[in-house]
Amino acid sequence: MNCNKEAIALMHQYLDGELYKDDERRLRDHLQTCPSCQEHFHELKRTTTLIKNTTSVSAPPRFTANVMANLPKEKKRKNYLR
Amino acid sequence: METMIKQKIKEVKKGDQSAFEDIVSFYQNKVYHICLRMVGNSYEAEDLAQEAFIRAYTNLHTFDEKRKFSTWLYRIATNLSIDRIRKKKPDYHLDAEVRGTEGLDMYSQLAADQALPEEEVESLELQTYIHKEILALPPKYRSVIVLRYLDELALQEIAEVLDIPVGTVKTRVHRGREALRKRLRHV
Numbered sequence: 074m075n076c077n078k079e080a081i082a083l084m085h086q087y088l089d090g091e092l093y094k095d096d097e098r099r100l101r102d103h104l105q106t107c108p109s110c111q112e113h114f115h116e117l118k119r120t121t122t123l124i125k126n127t128t129s130v131s132a133p134p135r136f137t138a139n140v141m142a143n144l145p146k147e148k149k150r151k152n153y154l155r
Numbered sequence: 487m488e489t490m491i492k493q494k495i496k497e498v499k500k501g502d503q504s505a506f507e508d509i510v511s512f513y514q515n516k517v518y519h520i521c522l523r524m525v526g527n528s529y530e531a532e533d534l535a536q537e538a539f540i541r542a543y544t545n546l547h548t549f550d551e552k553r554k555f556s557t558w559l560y561r562i563a564t565n566l567s568i569d570r571i572r573k574k575k576p577d578y579h580l581d582a583e584v585r586g587t588e589g590l591d592m593y594s595q596l597a598a599d600q601a602l603p604e605e606e607v608e609s610l611e612l613q614t615y616i617h618k619e620i621l622a623l624p625p626k627y628r629s630v631i632v633l634r635y636l637d638e639l640a641l642q643e644i645a646e647v648l649d650i651p652v653g654t655v656k657t658r659v660h661r662g663r664e665a666l667r668k669r670l671r672h673v
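These protein sequence lines are chains A and B, in that order.
No gaps in the numbering here: position 37 of the first sequence is 110 in the numbering used here, and each next residue is one more.
No gaps in the numbering here: position 50 of the second sequence is 536 in the numbering used here, and each next residue is one more.
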């Protein structure tokens, strides 16, 4: 397997949940024999873990109330109904 | 939850503005998250997230109820953020980056009077660092990475949010992830 082209592409497909079973097996076999790809894969998995760990963002206090206060006024339909 | 949101959308469309409150409340963290990761500055992010909800409200009649509301809403938020980035002057100040981390620093301020355990401080520093590295990505890679790891959005859904082919999303996610791998490997 060509490390730079094929193996790395398969790693990304794996990380996006788009790897077929056959390819997954091929990737696994390759990783067992290729330390540099192992390292690469480890770094990628670690990167995704790090990104996921930053995702605990909360909107500022009173965010919803501020949005509600800034909405355009409700349309008055009475006039048209008369 | 999607059913509750669908119901609320119907009520808003019928003219009940107050039903919109539950929609905002439910999505506020995610929409704010997108804006913050895209523009990096907590004040601007709040402003953009507010604008996104107001636009969603005023354009709700154009939303096709057969589709997923979150996709539509994230699209508004992402487009507004990208527009803002484009309008920004390229020579932005160093402290703009620092200000972008205020959303994170707030946690440490709120945490307690006593000193934080060391590992928490470390992880806060780490989070700030990662946030900056995401911000250092060009916007087209930044947007796919942010969406990919917000809610674990699938590639197809990201394609719908950004209105680009799924193949393009795939390439950008891969490149963005490689770029971050190189920047974060020594962490």
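Even for Gly, the Cβ is constructed at its ideal location relative to N, Cα and C.
Predicted model only: the values in this text are computed from it and were never measured.
contact_flag[the stretch 488-498 of chain B, the stretch 126-146 of chain A] where n(CB pairs < 8 Å) is 3 or more: In this structure the stretch 488-498 of chain B does not touch the stretch 126-146 of chain A; the number of beta carbon pairs closer than 8 Å is below three.
Three-state class that DSSP yields for I616 (chain B) in the structure shown: Collapsing the DSSP output to three states places I616 (chain B) in a helix.
Segment limits, alpha helix (DSSP H) that includes H547 (chain B): Careful: H547 (chain B) lies outside any alpha helix (DSSP H) and carries neither H nor E.
CA-to-CA distance, L648 (chain B) to R561 (chain B), given in whole angstroms: One C-alpha to the other measures close to 6 Å.
Closer than 8 Å to chain B by CB, N139 (chain A): Chain B, which has a Cβ nearer than 8 Å to the Cβ of N139 (chain A), makes this yes.
Beta-carbon neighbours of F136 (chain A), restricted to chain B and to distances below 8 Å: Residues of chain B passing the Cβ test: V510, Q514, Y518, E532, A535, Q536.
Counted within 10 angstroms of its Cβ, other Cβ atoms place Q613 (chain B) as buried (16 or more) or exposed: With 16 or more other CB atoms across the displayed protein chains lying within 10 angstroms of its CB, Q613 (chain B) is buried.
Closer than 8 Å to chain A by CB, H660 (chain B): Flagged as an interface residue toward chain A: H660 (chain B), by a C-beta distance shorter than 8 Å.
Cβ separation of R523 (chain B) and V632 (chain B), assumed to be a contact under 8 Å, to the nearest whole Å: 4 Å between Cβ atoms; contact.
C-beta neighbour in chain B for N143 (chain A), strict 8 Å: Taking 8 Å as the CB threshold, N143 (chain A) lines the interface with chain B.
Residue-level contact to chain B via CB, L117 (chain A), 8 Å cutoff: Chain B places a beta carbon closer than 8 Å to that of L117 (chain A), counting this residue as a contact.
Contact list for L641 (chain B) against chain A, beta-carbon separation under 8 Å: Chain order gives the chain A residues near L641 (chain B) as D89, E91, where near means a beta carbon separation below 8 Å.
8 Å Cβ cutoff met for L104 (chain A) and L92 (chain A): For L104 (chain A) and L92 (chain A), no; Cβs fall outside 8 Å.
Nearest-angstrom beta carbon gap, H85 (chain A) and H660 (chain B) [assumed within contact, 8 Å]: The Cβ separation is near 4 Å, so the contact holds.
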